[in-house]
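>
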Amino acid sequence: MRAIGVTNYGPPEVLKVIDLPEVHAGPGQVRIRVLAATVNPTDMSVRNGSRAEMQKSDPPPYVPGMDIAGVIDEVGAGALGAFLVGDSVMAMVIPKGSHGGYRQQIALNSRSVVRAPAGATLVEAATLPMNGLTARQTLDLLALKPAQILAVTGAAGAYGGYVIQLAKAGGLTVIADASDSDRSLVSALGADIVVQRGDDVATRIRAHFPNGVDGLADGAVQKELVIPAVRDGGAFASVRGFKGESQRGIRFETVSVRIYDGDFEKLDQLRRMVEEGKITLRVAETYPPERAAEAHRRLEAGGTRGRLVIQF
Ligand SMILES: NC(=O)c1ccc[n+]([C@@H]2O[C@H](COP(=O)([O-])OP(=O)(O)OC[C@H]3O[C@@H](n4cnc5c(N)ncnc54)[C@H](OP(=O)(O)O)[C@@H]3O)[C@@H](O)[C@H]2O)c1
4 MRAIGVTNYG PPEVLKVIDL PEVHAGPGQV RIRVLAATVN PTDMSVRNGS
54 RAEMQKSDPP PYVPGMDIAG VIDEVGAGAL GAFLVGDSVM AMVIPKGSHG
104 GYRQQIALNS RSVVRAPAGA TLVEAATLPM NGLTARQTLD LLALKPAQIL
154 AVTGAAGAYG GYVIQLAKAG GLTVIADASD SDRSLVSALG ADIVVQRGDD
204 VATRIRAHFP NGVDGLADGA VQKELVIPAV RDGGAFASVR GFKGESQRGI
254 RFETVSVRIY DGDFEKLDQL RRMVEEGKIT LRVAETYPPE RAAEAHRRLE
304 AGGTRGRLVI QF
């Protein structure tokens, strides 16, 4: 079975097509013939060694990938979810050793797997689970009420786009950042107000909301720079472990999507929202496994809009 993995950490070129033994669906699991695996920023750290300490308990090869879509080809005893062989599905994967999303075949707990959205291709479906669940968790942690104000940085990115769309579905007012070339994209995603991105984005947000916003989702990882956008007693959601210094009664929340692994209902709700037209799936380009390094290079270069997806 083909996979894409690394045996030595390094630049994109270390990604190789490798051969792994076949796996089977254990109790409570389904096996998926993976047809699409999305490339996300976190995959870079599986490849480049920045997570070497966490990965050392498993032997190489290390297979990156947290997002897949494909077709069920084996159902284990006691698997929940009424899955049948041949069903089109999507799932989030928590990578461990060679168990990552960039592989032709994977066995997963059936609670981590939901039907792919009707009307979406499997390539499109593969872009949803991990970032959709991260956006969901962000909004759950911020716990804003309808009509409250949410600011989103990195709004043109995959995570930022899902945050905007889930926030709008939840009745929030959204102010989001964009470069000139991303303005129409961010507006189309549903942002009520779009401000110029940059280091001084907090000042621009305050120009619209002088008391500050109720919550902020920091998809651009601007950390301290954007805390001033948040009102006294507001909430700040970080996606890279940042916790701001205690100040002005602001609640600092750290998002970790792993906590939502196996939460069938949350992922299935995202599926329904795609079918209802409330969430947009964005694909920039697809790559064959042999060109995975190119996809990593392109994502690292920045400026990609929509996701890069490896097709097996
Ligand atoms: N904690 C978790 O569980 C979790 C889960 C999912 C994602 N994440 C993290 O969430 C972040 C967003 O993920 P993503 O997939 O949405 O990434 P993405 O698609 O690359 O989006 C990031 C966006 O932020 C913009 N940006 C980067 N630096 C900026 C800056 N200094 N000022 C303004 N905008 C800036 C990028 O623009 P350019 O492309 O022009 O640079 C891009 O539009 C990543 O750091 C990712 O690792 C964490």
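Everything in the sequence shown is counted per the working numbering, starting at 4 for the first residue and increasing by one.
Quick reminder that beta carbons are idealized off the backbone N, C-alpha and C, glycines included.
1. For the alpha helix (DSSP H) containing Tyr162, list its first residue and its last residue.
2. Would you give the residue range spanned by the beta strand (DSSP E) that Gln108 belongs to?
3. First and last residue of the beta strand (DSSP E) that includes Phe239?
4. Would the stretch 168-183 count as touching the stretch 297-304 if we require 3 or more Cβ pairs under 8 Å?
5. Ends of the alpha helix (DSSP H) at Asp221?
6. Given Pro24, which residues of its chain have a CB within under 8 Å of its CB, disregarding the five upstream and five downstream residues?
7. Is it buried or exposed for Pro132, if we count other Cβ within 10 angstroms and need 16 for buried?
8. List the DSSP bridge partners of Ala94.
9. Return the first residue and the last residue of the alpha helix (DSSP H) that Ala55 is part of.
10. Assuming Arg254 is part of the alpha helix (DSSP H), what are its boundary residues?
11. Kindly list the residues whose CB is nearer than 6 Å to the CB of Val117, restricted to its own chain and excluding five residues on each side of it in sequence; keep chain order.
12. Can you list, in chain order, the residues of its chain whose CB lies under 8 Å from that of Gly81, leaving out five sequence neighbours each side?
13. Per DSSP, Glu268 forms a beta bridge with which residues?
14. Cβ of Val51 within 7 Å of Cβ of Tyr12?
15. Can you find the residues in the same chain that come closer than 6 Å, C-beta to C-beta, to Asn134, ignoring five residues on each side of it along the sequence?
16. Indicate whether Val49 and Pro98 have their beta-carbon atoms separated by less than 7 Å.
17. To the nearest angstrom, report how far apart Arg186 and Val92 are at their CA atoms.
18. Under 6 Å from any heavy atom of ligand 1, does the C-beta of Thr130 make it?
19. If I follow the unbroken beta strand (DSSP E) through Gly135, where does it start and stop?
20. With Glu288 as the anchor, note down where its alpha helix (DSSP H) starts and where it stops.
21. With distances taken from CA atoms, which of Glu268, Pro231 and Thr257 is nearest Glu250?
Short version:
1. Along the sequence shown, read from residue 1 onward, the residue named residue 162 stands at position 159. Residues Ala161 to Ala172.
2. Reading the sequence shown from its first residue, position 105 is the one you call residue 108. Gln108 to Asn112 is the span of the beta strand (DSSP E), which, as asked, contains Gln108.
3. Sequence index remark: in the sequence shown, residue 239 carries index 236 (1-based). Residues Val233 to Ser241.
4. By the Cβ rule, the stretch 168-183 does not count as touching the stretch 297-304, because fewer than three pairs are nearer than 8 Å.
5. Walking along the sequence shown from the start, residue 221 turns up at place 218. In this chain, Asp221 is not harboured by any alpha helix (DSSP H); it is covered by the beta strand (DSSP E) spanning Val216 to Asp221.
6. Position 21 of the sequence shown holds residue 24. Annotation for Pro24: Met4 place their beta carbon closer than 8 Å to its own, counting only its chain and skipping 5 residues before and after.
7. As a first step, residue 132 is located in the sequence shown; it is residue number 129 there, counting from the start. Answer is buried; the Cβ neighbour count reaches 16.
8. The sequence position of residue 94 within the sequence shown is 91, counting from 1. According to DSSP, Ala94 bridges with Ile71 and Val116.
9. Sequence index remark: in the sequence shown, residue 55 carries index 52 (1-based). Taken as a continuous stretch (DSSP letters only), the alpha helix (DSSP H) holding Ala55 covers Ala55 to Gln58.
10. Working through the sequence shown from its first residue, we reach residue 254 at position 251. Careful: Arg254 lies outside any alpha helix (DSSP H), inside the beta strand (DSSP E) at Arg254 to Thr257.
11. Numbered from 1 along the sequence shown, position 114 holds the residue referred to as residue 117. Within the same chain, and ignoring the five residues on either side of Val117 in sequence, the residues whose Cβ sits closer than 6 Å to its Cβ are Leu270, Asp271 and Arg274.
12. Within the sequence shown, numbered from 1, the residue matching residue 81 stands at position 78. A distance below 8 Å between beta-carbons, with the five flanking residues on each side excluded, links Gly81 to the following residues of its chain, in chain order: Pro30 and Gly31.
13. Here residue 268 refers to the residue found at position 265 when the sequence shown is read from its first residue. For Glu268, which the question treats as bridged, DSSP gives no partner whatsoever.
14. Locating residue 51 in the sequence shown gives position 48, where the first residue counts as 1. Locating residue 12 in the sequence shown gives position 9, where the first residue counts as 1. One point to set straight first is that residue 51 is Asn, not Val, in the sequence displayed. Taking 7 Å as the Cβ cut-off, Asn51 and Tyr12 qualify as a contacting pair.
15. Your numbering for residue 134 matches position 131 in the sequence shown. Cβ within range, chain order: Ala161, Tyr162 and Tyr165.
16. The residue you call residue 49 lines up with position 46 of the sequence shown. The residue you call residue 98 lines up with position 95 of the sequence shown. Closer than 7 Å, so yes.
17. Indexing the sequence shown from 1 puts residue 186 at position 183. Indexing the sequence shown from 1 puts residue 92 at position 89. Rounded to the nearest angstrom, the two C-alpha atoms are 33 Å apart.
18. What you label residue 130 is simply residue 127 of the sequence shown in a count that begins at 1. Result no, Cβ not under 6 Å from ligand 1.
19. Here the question's residue 135 lines up with position 132 in the sequence shown. DSSP places Gly135 outside any beta strand (DSSP E); the residue lies instead in the alpha helix (DSSP H), whose first and last residues are Pro132 to Leu145.
20. Reading the sequence shown from its first residue, position 285 is the one you call residue 288. In this chain, Glu288 is not harboured by any alpha helix (DSSP H); it is covered by the beta strand (DSSP E) spanning Val286 to Tyr290.
21. One-based indexing of the sequence shown puts residue 250 at position 247. What sits at residue 250 in the sequence shown is Gln, not Glu. Checked all of Glu268, Pro231 and Thr257; the closest Cα to Gln250 is Pro231.
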